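Since the structure comes first, as structure tokens, the remarks are kept for the end.
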Ligand SMILES: [Zn+2]
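In UniProt numbering, the protein residues as written are 1 to 319.
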């Protein structure tokens, strides 16, 4: 009878170290890496020497005497789990076992910063890219530390989905890795993108009028008196004509503009957003607006998202 699979929130059980292929294999093993917690990893000199100048140098130095071992022993600073993960990044017949961004960044520090394995950078960046969406600040910090501008740009763009300039309770530990001016540049980029995104709700020159009369945005020309008109900021000019914008729409449009100012890539079409829910409820109270609002909004918000992306693209970013 097979054992039940682990629950989703249970960590993957790791095998004791050393595990294949870092076990004693007569005829192939010729050196031992001894970890800080006293585990011996049996490895091949011919595999490690060419891939890292640091390994290459280490193997030419006099080794510690250990009469219990028939192979030379090299003490390394890493603990066995970290060394295992690091070796599996490049060693033949293995694959990376880092299950989290913390484990991956530890591997990066070992392989790139300590053992100077620059040839692994393209592969390392690909693995880091998997975390751009879930943890853009950490990816940004590591991209900055290593000067990986393309990855830094992708991470900076992902931070636009976060209210980065709203103070949280805790300062991310990873920010200790980068200088203040590096983070300030990120904040400035985020701010400029927020300003640009918000202008889409103030400068309405990007809004074109639909060609079909049935597609004309109902909130700009509803004819029912009981459907309240927005009067808070003077005449609304769209496609060269003054429009009687409806209050229910402008509350959503202007409200989303305020959110874009702090979260430039906020999802303005999020069906669960209170502003959107409230807008639909109020539009449905008007018998003229209600039959068209969904179709017209789908069309309008697609153009709006494209406009936001365009103005954000125009904001310069660099380390
Ligand atoms: Zn109406």
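C-beta atoms are modelled at their ideal positions from N, C-alpha and C, and glycine is treated no differently. Model, not experiment: these values are computed from the prediction.
| query | Is residue 9 helix, strand or coil when you go by DSSP? | reply | Taking the chain shown and counting its residues from 1, the one referred to as residue 9 is at position 9. In this prediction, residue 9 has a pLDDT of 48, which is less than 50 and means its spatial position is unreliable; nothing more can be read from the coordinates.
| query | Which residues in the same chain as residue 300 place their Cβ atom closer than 7 Å to its Cβ, once the five residues preceding and following it in sequence are excluded? | reply | Taking the first residue of the chain shown as 1, we reach residue 300 at position 300. In its chain, beyond the 5 residues on either side, 217 have a beta carbon closer than 7 Å to the beta carbon of residue 300.
| Roughly how many whole angstroms lie between the Cα atoms of residue 266 and residue 171? | If you number the chain shown from 1, residue 266 lands on position 266. If you number the chain shown from 1, residue 171 lands on position 171. Whole-angstrom Cα-Cα distance: 22 Å.
| request: Only counting runs of 4 or more residues, tell me where the alpha helix (DSSP H) segments fall wholly within the stretch 90–167, in order along the chain. | output: 101–108, 121–129, 136–146, 149–158
| message | Here's the rule I'm using: 16 or more other beta-carbon atoms within 10 Å means buried, otherwise exposed. How should residue 93 be labelled? | response | Position 93 of the chain shown, counted from the first residue, corresponds to residue 93. Flag for residue 93 reads exposed.
| In the DSSP assignment, what residue or residues form a beta bridge with residue 241? | Translated into positions along the chain shown, residue 241 becomes position 241. According to DSSP, residue 241 bridges with 238.
| task | Flag this pair as touching only if the stretch 109–125 and the stretch 220–231 have three or more C-beta atom pairs under 8 Å; answer yes or no. | result | no
| field | Where residue 2 falls, given that 16 or more other Cβ within 10 Å makes a residue buried | value | Indexing the chain shown from 1 puts residue 2 at position 2. Any reading at residue 2 needs caution, since the residue's pLDDT is 38, under 50, leaving its predicted position unreliable; the model's value is listed next. Exposed, because fewer than 16 other Cβ atoms sit within 10 Å of the Cβ of residue 2.
| field | Alpha-carbon to alpha-carbon, residue 184 and residue 143 | value | For the purposes of this step, residue 143 is identified with residue 143 of the chain shown, where counting begins at 1. For the purposes of this step, residue 184 is identified with residue 184 of the chain shown, where counting begins at 1. If I take the Cα positions, the gap works out to 15 Å.
| message | Please classify residue 208 as buried or exposed, where buried requires at least 16 other C-beta atoms within 10 Å of its C-beta. | response | Within the chain shown, numbered from 1, the residue matching residue 208 stands at position 208. The residue in question, residue 208, is exposed, as its Cβ has fewer than 16 Cβ neighbours within 10 Å.
| request: Could you tell me the distance, in whole angstroms, from the CA atom of residue 50 to the CA atom of residue 130? | output: Numbered from its first residue, the chain shown carries residue 50 at position 50. Numbered from its first residue, the chain shown carries residue 130 at position 130. For residue 50 and residue 130, the distance between alpha carbons rounds to 28 Å.
| field | Neighbourhood of residue 295 by C-beta distance below 8 Å, restricted to the same chain and skipping five residues each side | value | To locate residue 295, count along the chain shown from 1; it is residue 295. Correct list, in chain order: 215.
| task | Using only the heavy atoms of ligand 1, determine whether one of them is closer than 7 Å to the beta carbon of residue 278. | result | In the chain shown, residue 278 corresponds to position 278, counting from 1. It does not: the Cβ of residue 278 is nowhere closer than 7 Å to a heavy atom of ligand 1.
| message | Is the separation between the beta-carbon of residue 165 and that of residue 186 shorter than 8 Å? | response | As a first step, residue 165 is located in the chain shown; it is residue number 165 there, counting from the start. As a first step, residue 186 is located in the chain shown; it is residue number 186 there, counting from the start. Taking 8 Å as the Cβ cut-off, residue 165 and residue 186 do not qualify as a contacting pair.
| message | Bridge partners for residue 33 per DSSP, in chain order? | response | Taking the chain shown and counting its residues from 1, one reaches residue 33 at position 33. 41, 74.
| Pick from 132, 82, 222 that is closest to residue 247, judged by C-alpha positions | Walking along the chain shown from the start, residue 247 turns up at place 247. Measuring from the Cα of residue 247, the nearest candidate turns out to be 222.
| said: Can you tell me whether residue 246 sits near ligand 1, meaning its C-beta is under 7 Å from at least one heavy atom of the ligand? | reply: Within the chain shown, the letter at position 246 stands for residue 246. It does: the Cβ of residue 246 is within 7 Å (strictly closer) of some heavy atom of ligand 1.
| message | Using only the alpha-carbon positions, how far apart do residue 323 and residue 318 sit? | response | Within the shown structure, residues of the chain are numbered from 1 to 319, placing residue 323 beyond reach of any answer.
| message | I'd like to know if the stretch 236–254 and the stretch 189–197 are in contact, where contact means that at least 3 CB-CB pairs between them fall below 8 Å. | response | Under the 8 Å Cβ criterion, the stretch 236–254 does not count as touching the stretch 189–197, having fewer than three qualifying pairs.
| task | Examine the Cβ distances between the stretch 30–39 and the stretch 80–90 and report whether three or more of them are shorter than 8 Å. | result | yes
| message | Taking the straight line between their C-alpha atoms, what separation do you get for residue 98 and residue 109? | response | Taking the chain shown and counting its residues from 1, one reaches residue 98 at position 98. Taking the chain shown and counting its residues from 1, one reaches residue 109 at position 109. Distance between the alpha carbons of residue 98 and residue 109: 13 Å.
| query | Taking the C-alpha atoms as reference points, what is the distance between residue 285 and residue 234? | reply | Numbered from 1 along the chain shown, position 285 holds the residue referred to as residue 285. Numbered from 1 along the chain shown, position 234 holds the residue referred to as residue 234. Roughly 24 Å separates the two Cα atoms.
| With residue 72 and residue 31 assumed to form a contact (beta carbons below 8 Å), what rounded beta-carbon distance in angstroms separates them? | The residue labelled residue 72 in the question sits at position 72 within the chain shown. The residue labelled residue 31 in the question sits at position 31 within the chain shown. The Cβ separation is near 5 Å, so the contact holds.
| Short check: CB of residue 115 to CB of residue 68, under 8 Å? | Within the chain shown, the letter at position 115 stands for residue 115. Within the chain shown, the letter at position 68 stands for residue 68. No, the pair does not count as a contact, with Cβ atoms beyond the cut-off.
| query | In terms of alpha-carbon separation, which member of 111, 89, 105 lies closest to residue 132? | reply | Locating residue 132 in the chain shown gives position 132, counting from the first residue. The residue with the shortest Cα to Cα distance from residue 132 is 105.
| request: Assign residue 326 to one of three DSSP states: helix, strand, or coil. | output: This structure gives no information on residue 326, because the portion of the chain shown stretches from 1 to 319.
| request: My understanding is that residue 141 touches residue 111, with C-beta atoms under 8 Å, so please give their C-beta distance in whole angstroms. | output: What you label residue 141 is simply residue 141 of the chain shown in a count that begins at 1. What you label residue 111 is simply residue 111 of the chain shown in a count that begins at 1. With a Cβ gap of about 17 Å, residue 141 and residue 111 do not count as contacting.
| field | Residue(s) in a DSSP beta bridge with residue 246 | value | Here residue 246 corresponds to residue number 246 of the chain shown, with the count starting at 1. The partner list for residue 246 (beta bridge, DSSP) reads 229.
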